[in-house]
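K.L.:
Sharing a structure, written as structure tokens. Questions coming.
Numbering (our numbering), first residue to last: 31 to 181.
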């Protein structure tokens with residue numbers, strides 16, 4: 031084997047190594063994007079689960095007692111418990127991950143903008159934020175505006 035043949039072999043090794051590294055990097059990026067999408071869907075589901083739970087309680091009660099309790103501090107096991115300052119960790123055993131769910135209740139106007147606490151208004155905005163495992167690149171945050179109503 032002469033010098034030219036060895037030089038071509040070295041260039042081929044460099045070329046194929048570069049191609050393998052680029053392929054591996056692309057595969058890792060695709061895996062990260064897939065994990066982020068999966069965790070984002072699960073976090074969205076958990077946020078909507080909390081907001082739907084509030085919808086169900088307000089619909090079942092059909093009065094102002096549940097609505098007034100929205101702004102109560104979260105106290106697990108208490109019948110007077112609200113959703114203000116709720117901080118719960120949900121473990122999803124099927125996925126092997128856990129998500130931290132935080133909710134906060136704000137006094138607001140009909141458009142969902144915060145108003146001062148002394149303002150007499152029948153609107154509350156519940157904001158739910160879900161932080162997840164490292165694969166979730168950004169926390170998921172959703173909010174809904176609720177009002178008391180009677181039939």
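Every residue gets a Cβ at the ideal spot worked out from N, C-alpha and C, and that includes glycine.
Keep in mind the model is a prediction, meaning the values are calculated, not measured.
Have a look at residue 44 and residue 65 and give me their C-alpha separation to the nearest angstrom.
P.N.:
Here residue 44 refers to the residue found at position 14 when the chain shown is read from its first residue. Here residue 65 refers to the residue found at position 35 when the chain shown is read from its first residue. Whole-angstrom Cα-Cα distance: 31 Å.
K.L.:
Please list the terminal residues of the continuous beta strand (DSSP E) segment that includes residue 161.
P.N.:
As a working note, residue 161 is residue 131 in the chain shown. In the DSSP assignment, residue 161 falls within the beta strand (DSSP E) that extends over 153-161.
K.L.:
Relative to the alpha-carbon of residue 148, which residue among 164, 136, 128 and 169 has its alpha-carbon at the smallest distance?
P.N.:
The count along the chain shown starts at 1 and reaches residue 148 at position 118. Checked all of 164, 136, 128 and 169; the closest Cα to residue 148 is 136.
K.L.:
Could you check which residue in 166, 173 and 50 has the C-alpha nearest to that of residue 141?
P.N.:
Position 111 of the chain shown, counting from 1, holds the residue named residue 141. Ranking 166, 173 and 50 by Cα distance to residue 141 puts 173 first.
K.L.:
Three-state secondary structure (DSSP) at residue 139?
P.N.:
For the purposes of this step, residue 139 is taken as the residue at position 109 of the chain shown. DSSP places residue 139 in coil when its eight states are reduced to three.
K.L.:
Quick check on DSSP: helix, strand or coil for residue 117?
P.N.:
Within the chain shown, numbered from 1, the residue matching residue 117 stands at position 87. Correct three-state label for residue 117: strand.
K.L.:
Taking the alpha carbon of residue 152 as the reference point, which residue from 130, 97 and 129 has its own alpha carbon closest?
P.N.:
Counted from its first residue, the chain shown places residue 152 at position 122. Ranking 130, 97 and 129 by Cα distance to residue 152 puts 97 first.
K.L.:
With a threshold of 16 other CB atoms inside 10 Å of the CB of residue 143, please say whether the residue is buried or exposed.
P.N.:
For this step, residue 143 is matched to residue 113 along the chain shown. It counts as exposed.
K.L.:
Exposed or buried, what is residue 167 when buried is set at 16 or more other beta-carbons lying within 10 Å of its beta-carbon?
P.N.:
On the chain shown, position 137 is the one that residue 167 refers to. The residue in question, residue 167, is exposed, as its Cβ has fewer than 16 Cβ neighbours within 10 Å.
K.L.:
Return the Cβ separation of residue 102 and residue 114 in integer angstroms, given the expectation that the two are a contact with Cβ distance under 8 Å.
P.N.:
Translated into positions along the chain shown, residue 102 becomes position 72. Translated into positions along the chain shown, residue 114 becomes position 84. So it is a contact: roughly 6 Å between Cβ atoms.
K.L.:
Count the other C-beta atoms from every protein chain shown that fall within 10 angstroms of the C-beta of residue 38, then say buried if there are 16 or more, exposed otherwise.
P.N.:
Sequence index remark: in the chain shown, residue 38 carries index 8 (1-based). With fewer than 16 other Cβ atoms within 10 Å, it is exposed.
K.L.:
Give me the residue from 175, 165 and 150 with the minimum Cα distance to residue 68.
P.N.:
Along the chain shown, read from residue 1 onward, the residue named residue 68 stands at position 38. Of the candidates 175, 165 and 150, the one whose C-alpha sits nearest the C-alpha of residue 68 is 165.
K.L.:
Name the DSSP beta bridge partners of residue 177, please?
P.N.:
Mapped onto the chain shown, residue 177 falls at position 147. Per DSSP, 153.
K.L.:
For residue 175 versus residue 100, is the C-beta spacing smaller than 8 Å?
P.N.:
The count along the chain shown starts at 1 and reaches residue 175 at position 145. The count along the chain shown starts at 1 and reaches residue 100 at position 70. Going by C-beta atoms, residue 175 is not nearer than 8 Å to residue 100.
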